[in-house]
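See structure below.
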Amino acid sequence: MLKNILLIGAAITLVSFSSLASAERVKDVSMVEGVRSNQLVGYGLVVGLPGTGEQTRFTEQSFKAMLNSFGITMPASLKPKIKNVAAVAVHADLPPFVKPGQTIDVTVSSIGSAGSLRGGTLLQTFLKGVDGNVYAIAQGSLIVGGLGADGADGSRVVINTPTVGRVANGATVERAVPSPFTQGDYITFNLNRPDFTTAKRLADTINGLVGPNSAKPMDAASVRVIAPRDPSQRVAYLSTLENLEFKPADTAAKIIVNSRTGTIVIGKNVKLQPAAITHGGLTVTIAEQQNVSQPNALANGETTVTQQSIIDVNQDDSRAFVFDPGVSLDDLVRAINQVGAAPGDLMAILEALKEAGAINGQLVVI
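As structure tokens, then:
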């Protein structure tokens, strides 16, 4: 079976379903199980600051410990004035398959009272994983996009965030993370947006190329595919699969409301049931009307029935009436916006419609 898979993968070029509407590549809607990044974190010192450092107790302790590591001993009673030093937290993402000797970017953030990290240099900092092992060592000059300035009278001007910076290619990888990618007889695609229909369509697409029962949807989020054990063959095999195109399922009918910013995102599949809304002095009525198109007797045409959406918005105190079946939510939003209603009014109307059962979809407030 595996031999047949390899022959198919080698002989067939990438399949393209360009004729399908909204076709997506497998790699754009899913990720391979086990192929993931890992978080690293460390504690270090930034030196060389132009008087914008800090004099917190833990920074002094770290400074003395650093000097001790170089054979310099300071009296315990001595409190150095180190305004050009800041204690920082350093974090980075270790990409999958990265090898020792390669470099990655790191982010440096002040954890004390430093006013700015601009102009500073990060000293050698060990970056550890969740298992406590050191996977990379960071060091280098910081790039800080923010700016802070203090006046003699205590005033302060801050642009962006001067207490966070980055060191491009600032960490050298010392240890690789073992990957389960080459283990077992299967590879698993995990969907970015779990959906039973999408999982089935993905499995059907792979089976259409490789062969029946080669791919099986395990649940709404994952599809398991039989794969060769040899690493080089598995890479070529996966390269073919991840570039396959198929049509994912339509998105679920959802309305996302951000109550803090007033942002409202409405999915295309959201529909309204017949309803009439009165919000303060705002009255909205939604309905649909069927019209009959009768052609001239000599035109050899056909009589057809057309749908006409009717949305009426009033800002007076008139009564609201219920009409025939409602229209799309998109039309309702446009009608409310035409009269200059605030986002808060729209959010209140959407929540009331959902409670009344007039919205066919899920209302999510974040």
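Counted the way mature numbering (1 follows the signal peptide of the UniProt record, and there is no 0) counts, the sequence shown spans residues -21 to -1, 1 to 345. Beta carbons are placed, not taken as given, at the ideal position from N, Cα and C, and that holds for glycine.
Residue range 64 to 73 is occupied by the beta strand (DSSP E) that includes residue 66, with no alpha helix (DSSP H) assigned at that position. Take the alpha-carbon of residue 246 and the one of residue 329: they are about 13 Å apart.
A contact is defined here as three or more CB-CB pairs under 8 Å, and the region 223 to 232 meets this definition with respect to the region 2 to 9. Annotation: residue 45 is outside any beta strand (DSSP E); the continuous alpha helix (DSSP H) that includes it extends over 36 to 48.
Pairwise C-beta distances place the region 201 to 213 out of contact with the region 232 to 252, as fewer than three of them are shorter than 8 Å.
For residue 80 and residue 37, the gap between their C-alpha atoms comes out near 32 Å. In the three-state DSSP reduction, residue 186 falls in the helix class (H, G or I). Note that the C-beta distance between residue 106 and residue 24 is not below 8 Å.
No Cβ-Cβ contact shorter than 8 Å links residue 234 with residue 11.
The Cβ atoms of residue 144 and residue 118 lie no closer than 8 Å to each other.
Contact holds between the region 92 to 104 and the region 60 to 70, because three or more Cβ pairs, one in each stretch, are under 8 Å apart. Here residue 120 has 100 as same chain residues with Cβ atoms under 6 Å from its own Cβ, once five neighbours each way along the sequence are excluded. Counted as a single uninterrupted DSSP element, the beta strand (DSSP E) harbouring residue 202 occupies residues 201 to 205.
Where residue 19 is concerned, the enclosing beta strand (DSSP E) starts and stops at 17 to 26. Going by beta carbons, residue 179 and residue 191 fall outside the 8 Å limit. The straight-line gap separating the alpha-carbon atoms of residue 15 and residue 253 is approximately 47 Å. Secondary structure at residue 76: coil, using DSSP grouped into helix, strand and coil. Residue 146 places its beta carbon less than 8 Å from that of residue 87.
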